[in-house]
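Beneath this line is the structure, given in C-alpha cells, with notes to follow.
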Amino acid sequence: HAAWLPPEAFRALGARRVLIHGDGLLVDTVLDEVSRACARYGGRVWHSPSWDVDVDLVFALRGADELPSLSVRAARAAGEAALAETGDGAPLGDEGFLLARDGDVTVVLADAPAGLLYGLFHVVRLCAAAFDPARPAERHRPALRRRMLNHWDNVAVHPVMGQVERGYAGGSIFWQEGRPRGDRARLREYARLLACTGVNAVSVNNVNVGRTEALLLTDRLGDVAEIADVLRPYGIRVHLSVSFAAPMILGGLPTADPLDDAVRAWWAATTRRVYERIPDFGGYLVKADSEGQPGPFSYGRDHADGANLLAEALAPHGGVVHWRAFVYNHHQDWRDRSTDRARAAYDHFAPLDGRFRTNVVLQVKYGPVDFQTREPVSPVLAAMPATRLAVELQVTQEYTGQQRHVCHLGPWWSEVLRFAPWGPGGRTIADVVTGEAAAGGGLVAVANVGDDRFWTGHPLAQANLYTFGRLAWDPRRDPAEVLDEWITLTFPPSATADPDLVRQTLHEIMDDSWRSYERYTAPLGVGFMVNPGDHYGPGVDGYEYTRWGTYHFADRDGVGVDRSRASGTGFAAQYPPYWAKVYESPESCPDELLLFFHHVPYGHVLHSGSTVIQHIYDTHFAGVEEVVAMRRRWQTLNGMIDPSVYERVAERLDEQVRCATEWRDQVNTYFLRKSGVPDERGREIH
Ligand code: BDP
C-alpha cells in the first residue's frame, strides 16, 4: 500500500519497444520488470535478439557482443560517445550507468548488471523525461560503496522487545515466531523497493544477539541462505549480526579471547562454511561490550583486537566487519567528568585509529549519545583519518515519534552529512564516509520496515526509508528534492485525482515536520525527556535519576549539561579546534545545541533574542499548532488518494496531535514550576 513503485510508476515504459542486451541475474530482473510494465501498458521487450529490431529504449551491458540490429548498434555507439564526453574518463564501476539519447532512442549503458538495474529505476523516476530528445547524457554512480540497512529483528519473539526491537511496523519481514517467514513474494517486493532507492546491503538480525539468533551463523545458516536467495536478484547482499561470544556459545570453547589461536581458528572455519553456503555473503555486524553484549574487554583486549579477529576470518572471502562504536558503560552515574556518556565512543575508539584492518568498517552513530532528535555530530567521525568510517542513522523512529508521528528525517540527515567537522568550507561528513577512492565505510541505518500492510506503520514514514537510500547513493542531494521524487513515485498522477495538490500538500506536511517534532519535545538539544523503556511520549524526569547517563540537570536556576572543557565534562574538546571553540562557550554555541553543551540560567538570552525559558514556551506552543495544521492539510486530501492510506494517516495524525499536546503541557508545566518564570505572552500552562 502506497509504497513507491506502484505499477502506475512504470507507465512511461509501456507502449515502448525495449531491448535488453546482456546476461546475468540482475539483467533478468530488468527483463522481468520491463516485461511486467509492457504487459500492463502495451509495448514489447526483446532480450538480445539475433535479428534486426526497431527500438525506443535500450539497456545494454558494455561488454556484451555486438547484435545484428542496426538501431541497437547505433544506440550503443552513441552511448559510448556520450560516455567519453561525460565525466573525467572515470569508469562506471560495478553499479554505475550512463543514460543518453540517440535520435529517438534512449540508451542505458553499464559495465555490470547492477548498473542496468539502477539505470532502469532511474528511467522509471524520470518517466517521460527519459524520452525527451533534448535530454543531455548523464552518468551516475553511487558515491558510497555500501548502502546498508540494519534490521533489529529477532528470530524468536523477545519477551520485552518483541519480534522487532524498536520496530513500529508490526512483525519482522524476515522472521516469524522463530522461523523464516513463508512469504517470499513480500520479501522480494521489499528487495525491489530497496533496490529502487539504491540500498545494496541488509543485515537480517538484531545487534543484541540472543541464543536463537546466534545460531544463524552455524546450525541455521540455511535460513539466512534462503533470504539471500530472495534479495540477490535485486543486488542486495546479506549480512549477519554475530555474538562476540559465538566461539563459546556455539563452538563450546572455553574462551572468546580474540588473541587465542583456537578462537581464531574457530572464526576462520565458521566463516569459510558461511561462504560455502552464501558465496556473496556481505559480512558481520557486531555490537560488543555495550548494553550487556559480550566483547573483547572481558579478556583485557581492546576493540581493534576484537574487530580484527573477525576481519581476519572474513578477508579471504572479501567480507567486511561492521564494528559498532556504540560502546559505553550503561551502569554509570554522573560522578566525574570521565563518566559523560557523550565522551565514551571517542575515548574508546580515537586512540585505536590506524589499528583496524582494511576490511573493518567502524560504524558510528551520528551523534555522541543515542539517536536523539538533535545532537551534535559525533566527534569520532573527525578523529579517525586512518579508519574506514560509516555513519549509522536511525530510520526506525525510536526517538522521533515511533511512526505514529509524521517526522520526515531527510533534512536532519542531510544536516549531519553536510556538517564540516574541521570548520566551514572544509571536508564534510559525506566526504568522510565516502573516503578516498571510495574506501569509506558508507551509510548505514536501522530499518523501519515490518510486515505491516503499509510497510512502515505510518504510510508517510516510507519516505524516510526512501530518502535514506537516495542519500546513501548521493549524500549531497537536497532532501526536499528527494522527497519530491518519493511523492511522484508513490502517488503517480494516474493514481491520484489532483497530483499537484497532493504534491504540494505532502510537502507542506512533511518538509518541516522534523523541526516541528523538535519544537514540541525536549528543548535546545538537551534530549532524553522521554518515557523510559519504550521511549514514546514525554517523561520529563524519566531518565533523570537512573543509571543510563542521560540527564538534563534542570533545577530552579537553570537547565542543560555542562560539557565544556573549562568547567564541564570536556566533551566539547573532542572536536577539531574550530568547533571545540564554538561549542566551548554558551555565547558562541548554536542555539539548537545550547543545552547539550551548557548548563545555563533560564534567563540566558539566545542568539534568537529570546530567553531560554521563553523559547521553551514559544516552541512548544508553535509545535502543537503546526501539528494541528498538518492534520487540517491532510484532511483536504480526503477522496484524492487510496482511502486506506488516507484513513491510516488520519488516525495517526489524531494521535500525533494528542501526543504533541501532552508533550507541550508536560514540558511547559515542568519548566514553569522549576523556574517560576511565567510565560511573557500570558498563555495558559497546565
Ligand atoms: C538504543 C536502543 C536499543 C538498542 C541500542 C543500540 O534503545 O534498543 O539496542 O540503541 O543501538 O537506542 O544498540
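Residue numbers (full-length UniProt numbering): 27 to 712.
Each residue gets a CB set at the ideal place from its N, CA and C atoms; glycine is no exception.
* Asked: What's the C-alpha gap between E111 and D80?
  -> Residue mapping note: residue 111 aligns to position 85 of the sequence shown, counting from 1. Residue mapping note: residue 80 aligns to position 54 of the sequence shown, counting from 1. Cα to Cα, the separation comes out at about 26 Å.
* Looking at the structure shown, is Q358 part of a helix, part of a strand, or coil, going by DSSP? -> In the sequence shown, counting from the first residue as 1, residue 358 sits at position 332. Reduced to three states, the DSSP call for Q358 is coil.
* Counting along the chain, where does the alpha helix (DSSP H) carrying F382 start and finish? -> The residue you call residue 382 lines up with position 356 of the sequence shown. Run containing F382: none; DSSP gives neither H nor E here.
* Between the region 538-557 and the region 659-666, do at least 3 Cβ pairs fall closer than 8 Å? -> Fewer than three beta-carbon pairs drawn from the region 538-557 and the region 659-666 are found closer than 8 Å, and the two stretches are therefore not classed as touching.
* To do: Would you tell me roughly how many angstroms separate the C-alpha atoms of E578 and E570, rounded to the nearest one?
  => By 1-based counting over the sequence shown, the position of residue 578 is 552. By 1-based counting over the sequence shown, the position of residue 570 is 544. The sequence shown places His at residue 578, not Glu. One C-alpha to the other measures close to 7 Å.
* Check Q488 in the structure and name its three-state DSSP category. => Your numbering for residue 488 matches position 462 in the sequence shown. Helix.
* Asked: Is any heavy atom in the ligand BDP found nearer than 8 Å to the beta carbon of S316?
  -> Locating residue 316 in the sequence shown gives position 290, counting from the first residue. Checking the Cβ of S316 against the ligand BDP gives yes.
* Asked: Counting pairs of Cβ atoms below 8 Å between the region 374-392 and the region 407-417, do you hit three or more?
  -> Yes, since at least three Cβ pairs between the region 374-392 and the region 407-417 fall closer than 8 Å, the two stretches touch.
* **Continuous alpha helix (DSSP H) stretch holding G145: start and end** => Within the sequence shown, residue 145 is the residue found at index 119, counting from 1. Where G145 is concerned, the enclosing alpha helix (DSSP H) stretches over P139 to L152.
* Check whether the Cβ of R444 sits closer than 8 Å to any heavy atom of the ligand BDP, and report yes or no. => The residue you call residue 444 lines up with position 418 of the sequence shown. Every heavy atom of the ligand BDP is 8 Å or more from the Cβ of R444, so no.
* **Collapsed DSSP secondary structure at M410 in the structure displayed** => As a working note, residue 410 is residue 384 in the sequence shown. Three-state DSSP puts M410 in coil, outside helix and strand.
* Distance between V60 and S76 (C-alpha atoms, nearest Å) -> Within the sequence shown, residue 76 is the residue found at index 50, counting from 1. Within the sequence shown, residue 60 is the residue found at index 34, counting from 1. Their backbone Cα atoms lie some 19 Å apart in a straight line.
* To do: Tell me whether Y310 sits in a helix, a strand or coil according to DSSP, three-state version.
  => Here residue 310 corresponds to residue number 284 of the sequence shown, with the count starting at 1. Residue state, collapsed to three classes: strand.
* Asked: Using a threshold of 8 Å, is the CB atom of E424 nearer than that to any non-hydrogen atom of the ligand BDP?
  -> Here residue 424 is taken as the residue at index 398 of the sequence shown, counted from 1. Yes, since a heavy atom of the ligand BDP falls inside the 8 Å radius drawn around the Cβ of E424.
* To do: Measure the beta-carbon distance from T493 to W512 and round it to whole angstroms, keeping in mind my assumption that it falls under 8 Å.
  => Position 467 of the sequence shown holds residue 493. Position 486 of the sequence shown holds residue 512. The C-beta separation of T493 from W512 comes to about 7 Å, placing the pair in contact by the 8 Å criterion.
* Pairing CB atoms from the region 125-138 with CB atoms from the region 91-110, are three or more of them under 8 Å? -> yes
* Three-state class that DSSP yields for D286 in the structure shown -> Counted from its first residue, the sequence shown places residue 286 at position 260. Coil.
* Spell out the partners DSSP gives H265 in its beta bridges. => Looking up residue 265 in the sequence shown gives position 239. Partner(s): S229 and G309.
* Asked: My guess is that P322 and G332 are in contact by the Cβ rule of under 8 Å, so how many angstroms apart are they, rounded?
  -> To locate residue 322, count along the sequence shown from 1; it is residue 296. To locate residue 332, count along the sequence shown from 1; it is residue 306. Rounded, the Cβ-Cβ distance is 4 Å, consistent with contact.
* Asked: Is it true that the CB of G575 sits closer than 9 Å to the CB of Y354?
  -> Along the sequence shown, one-based indexing puts residue 354 at 328. Along the sequence shown, one-based indexing puts residue 575 at 549. It is a contact, given that the beta carbons lie within the stated cut-off.
* **the region 47-59 contacting the region 136-154, beta-carbon criterion three pairs below 8 Å** => Yes: at least three Cβ pairs fall under 8 Å.
* With 16 other CB atoms within 10 Å as the buried threshold, where does A271 fall? -> Working through the sequence shown from its first residue, we reach residue 271 at position 245. Flag for A271 reads buried.
* **N231 and L213 closer than 9 Å at C-beta** => As a position in the sequence shown, residue 231 is number 205, starting the count at 1. As a position in the sequence shown, residue 213 is number 187, starting the count at 1. Contact: no.
* Pick out the complete alpha helix (DSSP H) segments inside the region 78-107, 4 residues or longer, and give them in chain order. => none
* Straight-line CA distance for G380 to D373? -> Here residue 380 corresponds to residue number 354 of the sequence shown, with the count starting at 1. Here residue 373 corresponds to residue number 347 of the sequence shown, with the count starting at 1. When rounded, the distance between both Cα atoms is 15 Å.
* Does the Cβ of E191 lie closer than 8 Å to at least one heavy atom of the ligand BDP? -> For the purposes of this step, residue 191 is identified with residue 165 of the sequence shown, where counting begins at 1. Yes, since a heavy atom of the ligand BDP falls inside the 8 Å radius drawn around the Cβ of E191.
* To do: Return the chain-ordered list of same chain residues with a C-beta closer than 6 Å to the C-beta of A38, the five sequence neighbours on each side being excluded.
  => Residue numbering aside, residue 38 sits at position 12 when the sequence shown is read from its first letter. Within the same chain, C153 and A154 come within 6 Å of A38 by CB-CB distance, once the 5 residues on both sides are set aside.
* To do: State yes or no: is the C-beta of T223 within less than 9 Å of the C-beta of W605?
  => Sequence index remark: in the sequence shown, residue 223 carries index 197 (1-based). Sequence index remark: in the sequence shown, residue 605 carries index 579 (1-based). Against a cut-off of 9 Å, the Cβ pair of W605 and T223 comes out as no contact.
* Contact the region 326-340 vs the region 237-256: 3+ CB pairs below 8 Å -> Between the region 326-340 and the region 237-256, the count of Cβ pairs shorter than 8 Å is below three; the stretches do not touch.
* With 16 other CB atoms within 10 Å as the buried threshold, where does H47 fall? -> Position 21 of the sequence shown, counting from 1, holds the residue named residue 47. A residue is called buried when at least 16 other Cβ atoms come within 10 angstroms of its Cβ; H47 meets this threshold and is buried.
* To do: Please name the residue, chosen from D680, Y643, E673 and T645, that lies closest to R657 on a Cα-to-Cα basis.
  => Against the sequence shown, residue 657 aligns to sequence position 631. It is D680 whose Cα lies nearest to the Cα of R657.
* **Option nearest S316 by Cα separation, candidates W349, Y546, P411 and G553** => Here the question's residue 316 lines up with position 290 in the sequence shown. When only C-alpha atoms are compared, the closest one is W349.
* Residues in its own chain within less than 7 Å of E92 by CB, not counting five upstream and five downstream? -> Here residue 92 refers to the residue found at position 66 of the sequence shown. Contacts found: R99.
* Got a sec: does the ligand BDP put a non-hydrogen atom nearer than 8 Å to the Cβ of K391? -> For the purposes of this step, residue 391 is identified with residue 365 of the sequence shown, where counting begins at 1. Yes, the beta carbon of K391 sits closer than 8 Å to at least one heavy atom of the ligand BDP.
* For L124, which of helix, strand or coil comes out of DSSP? -> In the sequence shown, residue 124 corresponds to position 98, counting from 1. The answer is strand: DSSP assigns L124 an E or B state.
* To do: Using 10 angstroms around the beta-carbon of V186, count the other beta-carbons present and answer buried if the total reaches 16, otherwise exposed.
  => Counting from one through the sequence shown, the residue named residue 186 turns up at place 160. By the 10 Å Cβ count, V186 comes out exposed.
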